[in-house]
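In the numbering used here, the protein residues as written are 590 to 697. Yeah, the Cβ is synthetic: ideal placement off N, Cα and C, and Gly gets one too.
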């Protein structure tokens, strides 16, 4: 399913996945957490801290990604599929990595 989506966590500082397991709309967020915790994805950045914040308060499922440059990506998992969340994270990471590579090429 999500194995064809390439996610490189190099520009990511931390990921917090927050959800209430008793709500009906958390399946995609739980699957996202499972995908992010795979060894192959974790190997792209060993310093990236992945935290599961499981609550019993009926709160909305949320993925909060903090990048090394201070930018944040907040995805509300109630209305997104796992593939949509992985694609959004992957494209944001690829854009940041490309920007960093261009910056390093410009400076001698």
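Practice task
Report all residues from its chain with a CB closer than 7 Å to the CB of residue 610; omit the five preceding and five following residues, and keep chain order.
Solution key: Numbered from its first residue, the chain shown carries residue 610 at position 21. Hits under 7 Å: 643.
Exercise for the section: List the endpoints of the continuous beta strand (DSSP E) containing residue 638. Expected result: The residue labelled residue 638 in the question sits at position 49 within the chain shown. Per DSSP, the continuous beta strand (DSSP E) segment holding residue 638 begins and ends at 638–643.
Exercise for the section: Taking residue 597 and residue 691 to be in contact with their CB atoms under 8 Å, please state how far apart those CB atoms are, rounded to whole angstroms. Expected result: One-based indexing of the chain shown puts residue 597 at position 8. One-based indexing of the chain shown puts residue 691 at position 102. Contact flag wrong, Cβ pair sits at about 16 Å.
Handout entry: Residue of 618, 626, 661 minimising C-alpha distance to residue 638
Key = For the purposes of this step, residue 638 is identified with residue 49 of the chain shown, where counting begins at 1. The shortest C-alpha separation from residue 638 is found at 626.
Practice task
With DSSP collapsed to three states, give me the class of residue 608.
Solution key: Here residue 608 refers to the residue found at position 19 when the chain shown is read from its first residue. Secondary structure at residue 608: strand, using DSSP grouped into helix, strand and coil.
Exercise for the section: Return the CA-CA distance between residue 647 and residue 661, expressed in angstroms with no decimal places. Expected result: If you number the chain shown from 1, residue 647 lands on position 58. If you number the chain shown from 1, residue 661 lands on position 72. Rounded to whole angstroms, residue 647 to residue 661 spans 24 Å at the Cα level.
Practice task
For the alpha helix (DSSP H) containing residue 619, list its first residue and its last residue.
Solution key: Taking the first residue of the chain shown as 1, we reach residue 619 at position 30. Start and end: 616–625.
Handout entry: Environment of residue 680 [buried if 16+ CB atoms lie within 10 Å]
Key = The residue labelled residue 680 in the question sits at position 91 within the chain shown. When all chains shown are included, residue 680 counts as exposed.
Handout entry: Among 645, 650, 615, 640, nearest to residue 605 - alpha-carbon criterion
Key = One-based indexing of the chain shown puts residue 605 at position 16. Answer by Cα proximity: 640.
Problem - Length of the line joining the Cα atoms of residue 657 and residue 612 - result: As a working mapping, residue 657 is identified with position 68 in the chain shown. As a working mapping, residue 612 is identified with position 23 in the chain shown. Straight-line Cα distance between these residues: approximately 32 Å.
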